[in-house]
Amino acid sequence: MRTFHLWGNNGEPNFISPESVALYWILKDSKYGITKENAITRDEIVFSNNTDLSPDNHLPLLIIINDEKEEPIKVSGFDNIIRYYQRVEPTTVNPDNSNQLYENSLLEYVMNDMNPLTMYQLYLNSANYVGFTRKQFSQLLYFPMWYNVPINYRTNVRKQCDTNLNLEYSLIEDDPDFDTLGKESDDDSTKATDLTQSKTFKLKAKSLLKNKNEFHEMKHNLQYLKKMTDVIKQWFVVRYETLPQDQEIAADILLLANIYIQISLPQGDKVLEALQKELGEEKMKAITKMLDELKGKSITIDKRSPVFNEQGNIIMSIYHRGCSYIWDKSAT
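This is the structure:
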């Protein structure tokens, strides 16, 4: 039994995870070497949205059960799942593995350079975050996790983008999840005549901060667009100089999943416009054609809802945290 745990709902992968979208597309086609026609091993997809199941709290997750008496094999992350199958099963695309080093290098390139840009669009572009990302978690997670998880993810993505994009983020008041300037102070010593605490001053300060944030975000978005188009242009140079164009690889699918998500978000029109301008009509037609083919394929693997112990409900969340605590204690 092989179970693939992905981020998703309503029988489809969710845009908050480009790795889940890419793996779902790969599972549609046996030519990538993960699924096989007439295979003895049963495959299934579960949109559990439960990172507690993963050893590193990351989805997608592959769980392999060969024998009920043995511990299941767990492989998390798109790149690790792809490499797992490269080791244990020959691929139908490249059975002699002569180009595997190139494939793995390209996969690392997408993971390290393109994935963070999608995370930027999901979590640090305010219009996308407020208009799309934050809303998704109320559909994917149980209360109260759906509130805290996107905030925590946003903090982690900010740290990653500070490194990769050299973005400069200021105080927590800049975050759309918080609004401290609009709240009244509880300090009894505050006087109505105190200019620094007056309503007019607060409104002015809030307006100035908003203008400052909008300026910084405009700068950040320009940095993002330049970085994103540079990554894709470099991809076209390296990818088709090292491997045949008609040989689709996992890195192709992950790159396309990232592009698809970025152009589908509320601010996606700006991304699409930048791609059309920088890449040209021919490359954009090729990207659009590949995306249409990937989206149009039907999937034959069984999909099911998570059972109770696979769900991220409050009971199982407490259970997994307790197990983690016990494990940490025993390890020390």
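Here the working numbering is used: the first residue of the sequence shown is 1149, the next is one more, and so on.
Glycine is no exception: its CB is placed at the ideal position from the N, C-alpha and C atoms.
Nothing here was measured: the structure is a model prediction, and the numbers come from that model.
Query, Result
"is_contact[residue 1280, chain B] using C-beta, thresh 7 Å", "Absent from the structure: chain B. Only one protein chain is present."
"Best match in 1291, 1249 and 1194 for proximity to residue 1463 [C-alpha to C-alpha]", "1291"
"C-alpha gap between residue 1247 and residue 1170, whole angstroms", "21 Å"
"Whole-angstrom distance between residue 1461 and residue 1289, CA atom to CA atom", "8 Å"
"Start-to-end residues for the beta strand (DSSP E) that takes in residue 1210", "1209-1212"
"Where the alpha helix (DSSP H) through residue 1453 begins and ends", "Segment: none, residue 1453 is in no alpha helix (DSSP H) and carries neither H nor E."
"Closest Cα partner of residue 1437 within the set 1401, 1466, 1450 and 1421", "1401"
"Spatial neighbours of residue 1261 in its chain, beta-carbon cut-off 6 Å, leaving aside the 5 residues before and after", "1379"
"CB of residue 1168 within 7 Å of CB of residue 1202, strictly", "no"
"Rounded separation between residue 1350 and residue 1271 - CA only", "27 Å"
"Unbroken alpha helix (DSSP H) run spanning residue 1441, endpoints", "1429-1444"
"Inter-residue Cα distance where the pair is residue 1398 and residue 1256", "11 Å"
"Collapsed DSSP secondary structure at residue 1291 in the structure displayed", "coil"
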